[in-house]
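Enquirer: Would you mind keeping the following structure in view while I ask a few things?
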Amino acid sequence: MKSTSQEYRELQHSIGMTVTLISFGMMFASLFLGYFLVRFNSPVWPPVEIAQLPKLLPLLSTVVIGLSSLTYYWFEMKKRSSKWLVLTLVLGLLFLGLQWSLWAKMKEVGILVSHGMVPSMVYAFSWLHAGHIVLGLFFLSWLLLRKMDQDLWVKNVGKFWHFLGIIWLMMYLMLFVQ
Amino acid sequence: MAFVEQHIHDAPTSFWSKYIVSYDHKVIGKQFLWFGIFWLLVGGLMALLIRWTLAYPGVPFPVIGNLLFPHTDGVVPPDTYAMLFTMHGTIMIFFAITPILIGAFGNFCIPLMIGARDMIFPTLNMLSFWFSMASGVLLLASLCLPLGAAAGGWTSYPTLSTNIGQPGLGQTLWLLSLFLFGVSSTMGAVNYITTVITLRAPGMGYFKMPLTIWGLWLTAILNAIFVPVLGAGLLLLTFDRVFGTTFFLAGAAATSGKGDPVLFQHVFWIFGHPEVYILILPAWGIVSDLLSFFARKPAFGYKMTALSLSAITVLSTVVYGHHMYTTQMSPLMTQSFMTLTMLISIPSAIFFANWLGTLWKGSIRFHSPMLFSLGVVFVFGLGGLTGLYLASTSIDLYLHDTYFVVGHFHYTMAASVLLGGFAGTYFWFPKMFGRMMNEKLAKWHFWCTMIPLNGIFTGMMVVGYGGMHRRLYNPFIYEFLQKLVPINIFITVCAVLMGAAQFIFIYNFVHTIFFKKEVAPANPWEVGTLEWEIPSPAPHYNFKDIPHVKCGPHELGNPNLKNGRDFQYQTEEWVKA
Amino acid sequence: MNLQFSERLLGLAIKTQEMSLWERMQPPEDISSSGHLIHWLFNYTTYVNLFWFALVCIGLFGFSYLYSNKRHKIPFYTHGNEKKHLLVTALIGLGVFLSVDMVITKISTRDMKETFWKFPGDNEDVVRIQVLAQQWAWNFRYAGADGEFNTGDDVVQLNSMVVPVGKKVMIQMTAKDVIHAFYLPNARIKADAIPGRFSKLWFDANKVGKYDIACAEMCGNHHYMMKAQLTVLSQEDFDRWVKESQQIAIATNDTEDINLRWGWQWGSK
Numbered sequence: 364m365k366s367t368s369q370e371y372r373e374l375q376h377s378i379g380m381t382v383t384l385i386s387f388g389m390m391f392a393s394l395f396l397g398y399f400l401v402r403f404n405s406p407v408w409p410p411v412e413i414a415q416l417p418k419l420l421p422l423l424s425t426v427v428i429g430l431s432s433l434t435y436y437w438f439e440m441k442k443r444s445s446k447w448l449v450l451t452l453v454l455g456l457l458f459l460g461l462q463w464s465l466w467a468k469m470k471e472v473g474i475l476v477s478h479g480m481v482p483s484m485v486y487a488f489s490w491l492h493a494g495h496i497v498l499g500l501f502f503l504s505w506l507l508l509r510k511m512d513q514d515l516w517v518k519n520v521g522k523f524w525h526f527l528g529i530i531w532l533m534m535y536l537m538l539f540v541q
Numbered sequence: 242m243a244f245v246e247q248h249i250h251d252a253p254t255s256f257w258s259k260y261i262v263s264y265d266h267k268v269i270g271k272q273f274l275w276f277g278i279f280w281l282l283v284g285g286l287m288a289l290l291i292r293w294t295l296a297y298p299g300v301p302f303p304v305i306g307n308l309l310f311p312h313t314d315g316v317v318p319p320d321t322y323a324m325l326f327t328m329h330g331t332i333m334i335f336f337a338i339t340p341i342l343i344g345a346f347g348n349f350c351i352p353l354m355i356g357a358r359d360m361i362f363p364t365l366n367m368l369s370f371w372f373s374m375a376s377g378v379l380l381l382a383s384l385c386l387p388l389g390a391a392a393g394g395w396t397s398y399p400t401l402s403t404n405i406g407q408p409g410l411g412q413t414l415w416l417l418s419l420f421l422f423g424v425s426s427t428m429g430a431v432n433y434i435t436t437v438i439t440l441r442a443p444g445m446g447y448f449k450m451p452l453t454i455w456g457l458w459l460t461a462i463l464n465a466i467f468v469p470v471l472g473a474g475l476l477l478l479t480f481d482r483v484f485g486t487t488f489f490l491a492g493a494a495a496t497s498g499k500g501d502p503v504l505f506q507h508v509f510w511i512f513g514h515p516e517v518y519i520l521i522l523p524a525w526g527i528v529s530d531l532l533s534f535f536a537r538k539p540a541f542g543y544k545m546t547a548l549s550l551s552a553i554t555v556l557s558t559v560v561y562g563h564h565m566y567t568t569q570m571s572p573l574m575t576q577s578f579m580t581l582t583m584l585i586s587i588p589s590a591i592f593f594a595n596w597l598g599t600l601w602k603g604s605i606r607f608h609s610p611m612l613f614s615l616g617v618v619f620v621f622g623l624g625g626l627t628g629l630y631l632a633s634t635s636i637d638l639y640l641h642d643t644y645f646v647v648g649h650f651h652y653t654m655a656a657s658v659l660l661g662g663f664a665g666t667y668f669w670f671p672k673m674f675g676r677m678m679n680e681k682l683a684k685w686h687f688w689c690t691m692i693p694l695n696g697i698f699t700g701m702m703v704v705g706y707g708g709m710h711r712r713l714y715n716p717f718i719y720e721f722l723q724k725l726v727p728i729n730i731f732i733t734v735c736a737v738l739m740g741a742a743q744f745i746f747i748y749n750f751v752h753t754i755f756f757k758k759e760v761a762p763a764n765p766w767e768v769g770t771l772e773w774e775i776p777s778p779a780p781h782y783n784f785k786d787i788p789h790v791k792c793g794p795h796e797l798g799n800p801n802l803k804n805g806r807d808f809q810y811q812t813e814e815w816v817k818a
Numbered sequence: 041m042n043l044q045f046s047e048r049l050l051g052l053a054i055k056t057q058e059m060s061l062w063e064r065m066q067p068p069e070d071i072s073s074s075g076h077l078i079h080w081l082f083n084y085t086t087y088v089n090l091f092w093f094a095l096v097c098i099g100l101f102g103f104s105y106l107y108s109n110k111r112h113k114i115p116f117y118t119h120g121n122e123k124k125h126l127l128v129t130a131l132i133g134l135g136v137f138l139s140v141d142m143v144i145t146k147i148s149t150r151d152m153k154e155t156f157w158k159f160p161g162d163n164e165d166v167v168r169i170q171v172l173a174q175q176w177a178w179n180f181r182y183a184g185a186d187g188e189f190n191t192g193d194d195v196v197q198l199n200s201m202v203v204p205v206g207k208k209v210m211i212q213m214t215a216k217d218v219i220h221a222f223y224l225p226n227a228r229i230k231a232d233a234i235p236g237r238f239s240k241l242w243f244d245a246n247k248v249g250k251y252d253i254a255c256a257e258m259c260g261n262h263h264y265m266m267k268a269q270l271t272v273l274s275q276e277d278f279d280r281w282v283k284e285s286q287q288i289a290i291a292t293n294d295t296e297d298i299n300l301r302w303g304w305q306w307g308s309k
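Chains as they are written, first to last, in my numbering: chain A, 364 to 541; chain B, 242 to 818; chain C, 41 to 309.
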């Protein structure tokens, strides 16, 4: 049973995290605004650069990050068993690894940032998302090491982690799916 | 929602925990105040360098000219001039106004006025300050680079702000500095918003909050939503400069695949317009309260004022295109932006009328906080009305990028916010530092600031109407501007006078904090908001017992009060009139 | 003190010292057919603003005087939220909006639609000029004897634009490097010249003479020196100038020079 003050603290932190996610969301929304402006002012869509993008790696990334949200959800539900949290962390690291491979593959295929708006967007959006994943991994590690049992932190780190998954899904649909 | 109070921590003991890494919102507020005042002086010096160059082109800057510009015999060179107006704008907006109005007053006033013991997230609060400091260090560092600091204007439009126009590290450091500052602002915004929502004392509904808190809360909401948009723009521009992306590169620079410089302008002004409202909302809130306090009667139309401020907050998000009329967006977009911009007049006029209604049939005391508040009414009235010229797409064809714009935004941003900031400083000084500032010096400060201030910015609008465009190192190579020389000199003389007057404030401020012995009473202004029920300066825990709010913040002048006072504390049962 | 500059300053002051403050405050001479629209609206806005600002000042100074603590000891306790108060406030808000904002919006829209955005068609008899802004100069291109832009016989000028009096001039412009803005103070017009896209302006000059052209968007350290000259000639003088320039262009243009081919097809931009 939770005391009123504990419940209240959770509410306060929940509001704080929601505001924080609105802020981060606005940053990504600005990027997406740029994307829509480019897309709808483009005479031809998808441009040739998108057609040349690797298809498997981003799909794998999407699956991995989706799974990681699932494992986190199980972590929350299954009495805070740490193995699900560890799995989430591992999947998060795998996601970063896949992103790294994606960038390497794109460079190999000859898609460079300097080639224009679309490659610039693909790289920049995924860099920024990856940067936030790193932040998310820090939070997950910290949760693992210190505060696994506190509802307050589990719920809010969860919000952040799921948010990053949703942002990636949107990026995937915008940039990698024709 | 049941209210749960924060517990009382032990007082910090070491110098380090008391003044440097403090979690106390009051200390953090004061840190922001000193930080902001330092940068205000730096930005002010830059303004004087600019004004000197405009009034006396080719003439060495007096006294410190040779020290600053040894290679040109004390004369400001053109590339430094570009850096000066860029940095002046950047510093005043991000490093002076934001820390003072939002960092200092936000931090100091919010918990006290809503009856809380601290912000909801004290660690985040402390981090917010240190991120600002880091940001400031980066900006200072950029001034010392061999190719100089950023020089593309505070708006840093590409492609001038890309590697084409600004080679060198200065512009990149500027971008990083501002990004860090944005992180600091966002942290603060999260704190302010959550604190106001969840830590208001029992009985303090939203419509019993002082209007200062309304102003600060609405500012925080705009901050949380729109600073990240700037962040995105800054990051993308940084990527263009450092990693070779082509978001904003077009024309000669774009070797393949075009970017769009105007995209940056959209992103920038989506942030930029709410930003100017971010800067003014706290001042509006403060003035709304102070007019009531010093006229000894309730704020006229309190609820309408709060709702008007909220309406302006919402409207400010959809008008940004009026900064971009000359980029020739589609006629539909252009017209829409004009119409939406015009709508802002309605709530503005309403709360302005409420301000005058507060004064109407009051019993006005002209202490320095009140003088400065009245000053805000004057300068914002003037400045706000001049915005109407610029909102018109046809008039803007002539006035865009002229000194008319500079006069307009200085009246609304600089004059109003500065005067509002001074009003707040004189008013809350006893609660912050436990002493009263010298009232006589404060009045001298007011008049010596107010009069030249109007000279400067009216002068700017005059030369702007005369056709003088912006960011000119030497305007007088143009025939059509040569008759404006004496007016430019007049503006500079006023600027020097106004700058000199600030030393009255600095002296008063420093002397009172460090050398004045007489302690201020708990409630020197005799008003009823929660912070005045506790001793001056406020103890580290703020409230020994969390107050229970029973009436509004402006219960002054009620004829039925029986206890010899002409005001009620917010914790007293409301006496019906 | 730098003698050269202080002498120049003194010279400027002397040259213009005969002017009264009022004369100094006036915008540069309006030589356009459409500038008066801007002035009408500016003046209207000024009168109405003065009215409302006067009310603010009467309130501000008047109330400060009448209701100072010394003169008015007992404040009138009201929260200003009764129906009559709300009505007055709402009326003021509406009054400002209707008298200033609505009028400006209507008139601005009309002026833009009927004048400033009414560009001459591709077939009209107007003078067509392509403008390329660069750090820190203005390039002007006329079509030359063949009537086509970006061909070897174009008349290309540096920092000098020549137009006939009383005839519409249509400008298409872009920039080479950074954003600039073409500013013609005597015609009250301005438009950004943006790399990667085209902007357009039209104007007509109704007085012969020489006038300044300036850059009105920060474009670097020498933004202030980006001055060009507009020369308005009588129709005969202009025709003579055109003929002479075209002959000079044909004779002296280096047709192999790719830097000279910065122009573009006029088309519909």
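Positions of the beta carbon are idealized from the N, C-alpha and C atoms, including for glycine. Note that the structure is predicted; figures quoted are calculated from it, not measured.
Keeping to the same chain, check which residues put their C-beta closer than 7 Å to that of valine 424 of chain B; ignore five residues upstream and five downstream.
Expert: For the purposes of this step, residue 424 of chain B is taken as residue 183 along the second sequence, with counting starting at 1. Phe372.
Enquirer: Among B/Gly700, B/Trp458, B/Ile466 and B/Leu308, which has the Cα closest to the Cα of glutamine 66 of chain C?
Expert: Here the question's residue 66 of chain C lines up with position 26 in the third sequence. When only C-alpha atoms are compared, the closest one is B/Gly700.
Enquirer: Within 8 Å (strictly less), CB to CB, does glutamine 569 of chain B reach chain C?
Expert: Counted from its first residue, the second sequence places residue 569 of chain B at position 328. Closer than 8 Å to some Cβ of chain C, the Cβ of glutamine 569 of chain B qualifies, so yes.
Enquirer: Grab me the residues of serine 240 of chain C's own chain with a C-beta within less than 8 Å of its C-beta, minus the 5 sequence neighbours each way, in chain order.
Expert: As a position in the third sequence, residue 240 of chain C is number 200, starting the count at 1. Before going on, a small fix: residue 240 of chain C reads as lysine here, not serine. Cβ neighbours of lysine 240 of chain C beyond the five flanking positions: Phe159, Met210, Ile211, Gln212, Met213, Ala231 and Lys309.
Enquirer: For the region 217-225 of chain C and the region 184-196 of chain C, state whether three or more C-beta atom pairs, one from each stretch, are separated by less than 8 Å.
Expert: Touching, no, given that fewer than three Cβ pairs across the two stretches are closer than 8 Å.
Enquirer: What residue range does the beta strand (DSSP E) around serine 239 of chain C cover?
Expert: Here residue 239 of chain C is taken as the residue at index 199 of the third sequence, counted from 1. Unbroken beta strand (DSSP E) run through serine 239 of chain C: 239-244.
Enquirer: Leucine 457 of chain A CB to nearest chain B CB: under 8 Å?
Expert: Taking the first residue of the first sequence as position 1, residue 457 of chain A is located at position 94. Cβ-Cβ to chain B under 8 Å: no for leucine 457 of chain A.
Enquirer: Going residue by residue through the region 184-258 of chain C, where are the continuous beta strand (DSSP E) segments of at least 3 residues, counting only ones entirely within it?
Expert: If we require 3 residues or more, the beta strand (DSSP E) runs fully inside the region 184-258 of chain C come out as 195-198, 200-204, 208-215, 220-224, 229-233, 239-244 and 249-255.
Enquirer: Using alpha carbons as the reference points, say which of B/Leu802, B/Asn783 and B/Pro788 lies closest to histidine 250 of chain B.
Expert: Residue numbering aside, residue 250 of chain B sits at position 9 when the second sequence is read from its first letter. Nearest option by C-alpha distance: B/Asn783.
Enquirer: Using a C-beta cutoff of 8 Å, does tryptophan 601 of chain B count as contacting chain C?
Expert: In the second sequence, the residue the question calls residue 601 of chain B occupies position 360. Cβ-Cβ to chain C under 8 Å: yes for tryptophan 601 of chain B.
Enquirer: Any chance the region 488-498 of chain A sits against the region 444-464 of chain A, with 3 or more Cβ pairs inside 8 Å?
Expert: With the cut-off at 8 Å, the region 488-498 of chain A and the region 444-464 of chain A touch.
Enquirer: Quick one: using the 10 Å Cβ neighbour count with 16 as the cut-off for buried, is proline 188 of chain B buried or exposed?
Expert: A question about residue 188 of chain B goes unanswered here, because the residues of chain B that appear run from 242 up to 818.
Enquirer: Does DSSP put threonine 145 of chain C in a helix, a strand or coil?
Expert: As a first step, residue 145 of chain C must be located in the third sequence, where it is residue number 105. Residue state, collapsed to three classes: helix.
Enquirer: When you compare the CB positions of methionine 673 of chain B and phenylalanine 273 of chain B, do they come within less than 8 Å of one another, or not?
Expert: Here residue 673 of chain B corresponds to residue number 432 of the second sequence, with the count starting at 1. Here residue 273 of chain B corresponds to residue number 32 of the second sequence, with the count starting at 1. For methionine 673 of chain B and phenylalanine 273 of chain B, no; Cβs fall outside 8 Å.
Enquirer: Can you tell me which of the three DSSP states alanine 392 of chain B falls into?
Expert: Within the second sequence, numbered from 1, the residue matching residue 392 of chain B stands at position 151. Of the three classes helix, strand and coil, the one that applies to alanine 392 of chain B here is coil, per DSSP.
Enquirer: Measure the C-alpha to C-alpha separation of glycine 598 of chain B and leucine 491 of chain A and round it to an integer number of angstroms.
Expert: If you number the second sequence from 1, residue 598 of chain B lands on position 357. If you number the first sequence from 1, residue 491 of chain A lands on position 128. Near 51 Å, if we compare the C-alpha coordinates of leucine 491 of chain A and glycine 598 of chain B.
Enquirer: Could you please tell me which residues of the region 704-716 of chain B, in chain order, have their CB closer than 8 Å to any CB of chain C?
Expert: Listed by position, the residues of the region 704-716 of chain B near chain C (Cβ gap below 8 Å) are Tyr706, Gly707, Gly708, His710, Arg711, Arg712, Leu713, Tyr714, Asn715 and Pro716.
Enquirer: So, are the CB atoms of isoleucine 144 of chain C and leucine 81 of chain C less than 8 Å apart?
Expert: Sequence index remark: in the third sequence, residue 144 of chain C carries index 104 (1-based). Sequence index remark: in the third sequence, residue 81 of chain C carries index 41 (1-based). Yes, they are a contact pair.
Enquirer: Check each residue of the region 687-703 of chain B: if its Cβ is closer than 7 Å to any Cβ of chain C, include it; give the result in chain order.
Expert: For the region 687-703 of chain B, which is checked against every Cβ of chain C, the residues closer than 7 Å are Val703.
Enquirer: Relative to the alpha-carbon of glycine 513 of chain B, which residue among B/Gly330, B/Lys538 and B/Thr627 has its alpha-carbon at the smallest distance?
Expert: Taking the first residue of the second sequence as 1, we reach residue 513 of chain B at position 272. Considering only alpha carbons, the answer is B/Gly330.
Enquirer: Which chain A residues sit within Cβ distance under 7 Å of leucine 504 of chain B?
Expert: Your numbering for residue 504 of chain B matches position 263 in the second sequence. What leucine 504 of chain B touches in chain A: Gly397 and Leu400.
Enquirer: In whole angstroms, give me the CA-to-CA distance for threonine 118 of chain C and glutamine 576 of chain B.
Expert: Translated into positions along the third sequence, residue 118 of chain C becomes position 78. Translated into positions along the second sequence, residue 576 of chain B becomes position 335. Each residue's alpha carbon lies about 41 Å from the other.
Enquirer: I'd like to know if leucine 394 of chain A contacts chain B, where contact means its C-beta is closer than 8 Å to some C-beta of that chain.
Expert: Working through the first sequence from its first residue, we reach residue 394 of chain A at position 31. Closer than 8 Å: yes.
Enquirer: In terms of residues, what are the limits of the beta strand (DSSP E) holding arginine 168 of chain C?
Expert: Against the third sequence, residue 168 of chain C aligns to sequence position 128. From DSSP, the beta strand (DSSP E) with arginine 168 of chain C extends over 167-174.
Enquirer: Give a yes or no on whether 8 Å exceeds the smallest Cβ distance from histidine 789 of chain B to chain C.
Expert: Working through the second sequence from its first residue, we reach residue 789 of chain B at position 548. Not an interface residue.
Enquirer: Does DSSP classify glutamine 269 of chain C as helix, strand or coil?
Expert: For the purposes of this step, residue 269 of chain C is identified with residue 229 of the third sequence, where counting begins at 1. DSSP places glutamine 269 of chain C in strand when its eight states are reduced to three.
Enquirer: Is there a C-beta anywhere in chain B that falls below 8 Å from the one on glycine 429 of chain A?
Expert: On the first sequence, position 66 is the one that residue 429 of chain A refers to. False, the Cβ-Cβ gap to chain B never drops below 8 Å.
Enquirer: Within the 8 Å Cβ cut-off, does leucine 77 of chain C reach chain B?
Expert: As a first step, residue 77 of chain C is located in the third sequence; it is residue number 37 there, counting from the start. Yes, contact with chain B.
Enquirer: Using DSSP bridges, identify the partner residues of serine 104 of chain C.
Expert: Stepping through the third sequence from its first residue, residue 104 of chain C is reached at position 64. Answer is none; serine 104 of chain C lacks a bridge partner.
Enquirer: Could you say which of C/Tyr182, C/Asn293, C/Phe93 and C/Lys208 lies nearest to tryptophan 281 of chain C if we only look at CA atoms?
Expert: In the third sequence, counting from the first residue as 1, residue 281 of chain C sits at position 241. Selected option, being the one with the closest Cα: C/Tyr182.
Enquirer: To the nearest angstrom, report how far apart proline 778 of chain B and lysine 259 of chain B are at their CA atoms.
Expert: Mapped onto the second sequence, residue 778 of chain B falls at position 537. Mapped onto the second sequence, residue 259 of chain B falls at position 18. Going from the Cα of proline 778 of chain B to the Cα of lysine 259 of chain B covers about 15 Å.
Enquirer: Are the C-beta of asparagine 42 of chain C and some C-beta of chain B separated by less than 8 Å?
Expert: Here residue 42 of chain C refers to the residue found at position 2 of the third sequence. Any reading at asparagine 42 of chain C is ruled out, since the residue's pLDDT is 49, under 50, leaving its predicted position unreliable.
Enquirer: If you draw a straight line from the C-alpha of aspartate 151 of chain C to the C-alpha of histidine 79 of chain C, how long is it?
Expert: Along the third sequence, one-based indexing puts residue 151 of chain C at 111. Along the third sequence, one-based indexing puts residue 79 of chain C at 39. One C-alpha to the other measures close to 12 Å.
Enquirer: Can at least three beta-carbon pairs, one atom from the region 607-622 of chain B and one from the region 656-675 of chain B, be found at a separation below 8 Å?
Expert: Cβ pair count under 8 Å is three or more, so yes.
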